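Remarks on the structure that follows.
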Amino acid sequence: MASHPLGIAVIGAGMAGKAHAHAYREAGSVYASTIPPVRLVSICDLNAQLAEEAAARFGYERHDVDWRAIVDDPDIHVVSIVVANFLHREIVEALLAAGKHVLCEKPLSDTIEDAEAMAEAARSASSIARIGLTYRRAPGIAFVRELVQSGRLGDVLHFSGRYWADYGAHTDAPMSWRYRGPNGSGALGDIGSHLSYVAEFICGDMVSVSGAQLSTAITERPKPLGAIVGHTRGGASDEMVPVENDDYAGFTAEFAQGSGTLEVSRVAVAHPSTLFFEVFGTKGAARWDQRSFAEAEVAFHDDPEDVIGYRTVRLGPAHPYLANGLPMDSPGVGHGQNEPFVYQARAFLEEVAGIPEEASLPRNASFEEGLRNMRLLDAVVQSHEAGGAAVEVPAL
């Protein structure tokens, strides 16, 4: 196990980058003190002001504007990559070649070819490469997975899930990298990657997809006048440019056991971020709603007829991650979106430190799993292009 401080850097100081920066700072404050101390070295972003502010806010020693400074620094061992998808490959390959441990945000890239190259780089690297699939750390989602895997819900019959967001619903939202790239790299790649791996995390691998429909509701956007941070509105010119990818995607999935429907949208007005799913089994059902992050709902067929129906479960230390995973972990205290980033960072640092898997949080997903998720999303695009025909999903 490593005993010297692990030097940390985060490339990307936007919304998700801040979540990673905060998570590394907090990772040693949850669970037992088994990981080495961390040294918060750098926040890197092309926007110098953004990088400087994030570094100061989260206690990092410095900020950088060129990611190559992270590659070249021998005091940095662990790096999160939280930038535009099309930038991932070059940065990942350089960091792995330099022996850095890499935690890359999802999706792995915006093209299958780049994702394949990244997976190959990870296979041949001497360091660890993982992809951040943060929702699998949500205690409620992990709890529903346990209900399925333990058999308490019986055999899975079907899954219904949606992820609604409204960051693209405003026509004055300026053009950014999120609206560029091939069809399937829009709402499907951005938030559909979340929903699809949650569906498989709970129900097992999808075998095929069909009935896919991708559409672009807002076909052009104004050019920005400056740097775009997160889901910025305003600061746009009068010049319009075409949107290249999808605002909405929906499809049907066949699992090895059961079937499902999945829908995602970035133009769902009044839904800042709503991931919701329901899973039905032969013995019961469960559902989870991001808007009530610290709750889950369950129902069982063998309940007395006069009280059968969904009951609300307040998540607490009896459920995944929460015992010692919060400063105050008593039932009913509550938690939200930020905690899963802490659990994700903690799991990564445990693996980097050489702590055995059986004594750690569940490992983060491999680049192979990230590539498989991209191939799943590519199968959805192929189904759309084939008029909704069924397309087989390649196995991992």
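Using the numbering used here, read the sequence shown as starting at 2 and increasing by one per residue. Each residue gets a CB set at the ideal place from its N, CA and C atoms; glycine is no exception. The structure presented is a predicted model; accordingly, all values stated were derived computationally and were not measured.
TODO: Just mark Arg69 as buried or exposed, buried being the case when its beta carbon has 16 or more other beta carbons within 10 Å.
DONE: Here residue 69 corresponds to residue number 68 of the sequence shown, with the count starting at 1. Exposed, by the Cβ-count rule.
TODO: Give the straight-line distance between the Cα atoms of Val353 and Leu7, rounded to the nearest whole angstrom.
DONE: As a working note, residue 353 is residue 352 in the sequence shown. As a working note, residue 7 is residue 6 in the sequence shown. The straight-line gap from Cα to Cα measures roughly 9 Å.
Open item on the list: With distance defined between alpha-carbon atoms, name the residue in Val145, Tyr61, Ile92, Glu62 nearest to Ala295.
Closed with: Position 294 of the sequence shown, counting from 1, holds the residue named residue 295. The shortest C-alpha separation from Ala295 is found at Val145.
Task: Residues sharing a beta bridge with Gly169, DSSP - done: In the sequence shown, residue 169 corresponds to position 168, counting from 1. Answer by DSSP bridge pairing: none, since Gly169 is not bridged.
Task: Residue of Val280, Ile132, His5, Asp307 minimising C-alpha distance to Leu158 - done: One-based indexing of the sequence shown puts residue 158 at position 157. Looking at the Cα atoms, Val280 is the closest of the given residues.
- [ ] Give the secondary structure of Trp178 by DSSP, where H, G and I count as helix, E and B as strand, and everything else as coil.
- [x] Taking the sequence shown and counting its residues from 1, one reaches residue 178 at position 177. Correct three-state label for Trp178: helix.
TODO: Kindly identify the DSSP beta-bridge partner or partners of Glu393.
DONE: Within the sequence shown, residue 393 is the residue found at index 392, counting from 1. In DSSP, Glu393 forms a bridge with Ser209.
Open item on the list: Could you compute how far the alpha carbon of Ala250 sits from the alpha carbon of Asn365?
Closed with: As a working mapping, residue 250 is identified with position 249 in the sequence shown. As a working mapping, residue 365 is identified with position 364 in the sequence shown. Taking the straight line joining both Cα atoms gives about 27 Å.
Open item on the list: Considering just the uninterrupted stretch of the alpha helix (DSSP H) at His21, what are its terminal residues?
Closed with: Taking the sequence shown and counting its residues from 1, the one referred to as residue 21 is at position 20. It spans 16 to 27 - the alpha helix (DSSP H) in which His21 sits, taken as one unbroken run.
TODO: Determine the DSSP secondary structure at Thr135, reduced to helix, strand or coil.
DONE: Translated into the one-based positions of the sequence shown, residue 135 becomes position 134. In the structure shown, Thr135 adopts helical secondary structure according to DSSP, grouped into three states.
Open item on the list: Applying the 10 Å Cβ sphere with the 16-neighbour rule, what's the burial state of Thr313?
Closed with: For the purposes of this step, residue 313 is taken as the residue at position 312 of the sequence shown. Exposed is the call here.
TODO: Pick helix, strand or coil for Phe256, following the three-state DSSP scheme.
DONE: By one-based count along the sequence shown, residue 256 stands at place 255. The answer is strand: DSSP assigns Phe256 an E or B state.
Open item on the list: Which residues does DSSP list as the beta-bridge partners of Trp289?
Closed with: Translated into positions along the sequence shown, residue 289 becomes position 288. Beta-bridge pairing links Trp289 to Phe278.
Open item on the list: Check whether the segment 263 to 276 and the segment 116 to 132 are in contact - that is, three or more C-beta pairs closer than 8 Å.
Closed with: no
Open item on the list: Please list the terminal residues of the continuous alpha helix (DSSP H) segment that includes Gly317.
Closed with: Your numbering for residue 317 matches position 316 in the sequence shown. Segment: none, Gly317 is in no alpha helix (DSSP H) and carries neither H nor E.
Task: Delimiting residues of the alpha helix (DSSP H) encompassing Glu369 - done: One-based indexing of the sequence shown puts residue 369 at position 368. Start and end: 368 to 386.
Task: Segment limits, alpha helix (DSSP H) that includes Met119 - done: For this step, residue 119 is matched to residue 118 along the sequence shown. Unbroken alpha helix (DSSP H) run through Met119: 113 to 125.
Open item on the list: Is it buried or exposed, Glu358, if we count other Cβ atoms within 10 angstroms and call 16 or more buried?
Closed with: Walking along the sequence shown from the start, residue 358 turns up at place 357. When all chains shown are included, Glu358 counts as exposed.
Task: Three-pair Cβ contact test at 8 Å for the segment 169 to 181 versus the segment 213 to 222 - done: Touching, yes, given that three or more Cβ pairs across the two stretches are closer than 8 Å.
Open item on the list: If I measure Cβ to Cβ from His272 and keep anything under 7 Å in the same chain, skipping five residues before and after, which residues do I get?
Closed with: Numbered from 1 along the sequence shown, position 271 holds the residue referred to as residue 272. Only Trp165, Ala166, Asp167 meet the Cβ criterion.
- [ ] Apply the 10 Å Cβ neighbour rule to Ile9 and answer buried if 16 or more other Cβ atoms are within range, or exposed otherwise.
- [x] If you number the sequence shown from 1, residue 9 lands on position 8. Buried is the call here.
Open item on the list: Tell me which residue opens and which closes the beta strand (DSSP E) that Gly190 is part of.
Closed with: By 1-based counting over the sequence shown, the position of residue 190 is 189. It is not in any beta strand (DSSP E) - Gly190 instead sits in the alpha helix (DSSP H) that spans 188 to 191.
Open item on the list: Under 8 Å, with one C-beta from each stretch per pair, do the segment 76 to 92 and the segment 105 to 115 reach the 3-pair mark?
Closed with: yes
Open item on the list: Between His5, Ile12, Lys19, Val11, which has its C-alpha nearest Asn339's C-alpha?
Closed with: One-based indexing of the sequence shown puts residue 339 at position 338. For Asn339, the nearest C-alpha among the options comes from Lys19.
Task: Per-residue DSSP class, three states only, for Asp239 - done: Here residue 239 refers to the residue found at position 238 when the sequence shown is read from its first residue. DSSP, read as helix, strand or coil, puts Asp239 in strand.
Open item on the list: By the three-class DSSP mapping on this structure, what secondary structure does Ala346 have?
Closed with: Within the sequence shown, numbered from 1, the residue matching residue 346 stands at position 345. Residue state, collapsed to three classes: helix.
Open item on the list: I believe Arg63 touches Val42 by the beta-carbon criterion, under 8 Å. Please report the beta-carbon distance rounded to the nearest angstrom.
Closed with: On the sequence shown, residue 63 is found 62 positions in, with the first residue counted as 1. On the sequence shown, residue 42 is found 41 positions in, with the first residue counted as 1. Right, their Cβ atoms sit about 7 Å apart.
Open item on the list: Helix, strand or coil for Ala56? Go by DSSP, reduced to three states.
Closed with: The sequence position of residue 56 within the sequence shown is 55, counting from 1. Looking at Ala56 - three-state DSSP - the assignment turns out to be helix.
Open item on the list: Any beta carbon of chain B sitting closer than 8 Å to that of Gly8?
Closed with: Of the protein chains in the structure, only one exists, and it is not chain B.
- [ ] Would you list the residues sitting across from Val72 in a DSSP beta bridge?
- [x] Taking the first residue of the sequence shown as 1, we reach residue 72 at position 71. Answer by DSSP bridge pairing: none, since Val72 is not bridged.
- [ ] Could you tell me whether the segment 382 to 392 touches the segment 212 to 219, where touching means 3 or more Cβ pairs closer than 8 Å?
- [x] Flag = yes, the segment 382 to 392 and the segment 212 to 219 touch.
TODO: Spatial neighbours of Leu397 within its chain, please: CB distance less than 8 Å, with the 5 preceding and 5 following residues excluded, ordered by chain position.
DONE: Looking up residue 397 in the sequence shown gives position 396. Result list for Leu397: Asp206, Glu369, Glu370, Arg373, in chain order.
TODO: Can you grab the Cα-Cα spacing for the pair Ser81 / Ala126, in whole Å?
DONE: Position 80 of the sequence shown holds residue 81. Position 125 of the sequence shown holds residue 126. Straight-line Cα distance between these residues: approximately 16 Å.
TODO: Can you tell me which of the three DSSP states Leu327 falls into?
DONE: Within the sequence shown, numbered from 1, the residue matching residue 327 stands at position 326. Note: Leu327 maps to coil in three-state DSSP.
- [ ] For Ala118, I'd like the list of residues in its chain whose CB is within less than 7 Å of its CB, leaving aside the five on either flank, ordered along the chain.
- [x] In the sequence shown, residue 118 corresponds to position 117, counting from 1. Excluding positions up to five away in sequence, the list reads Arg90.
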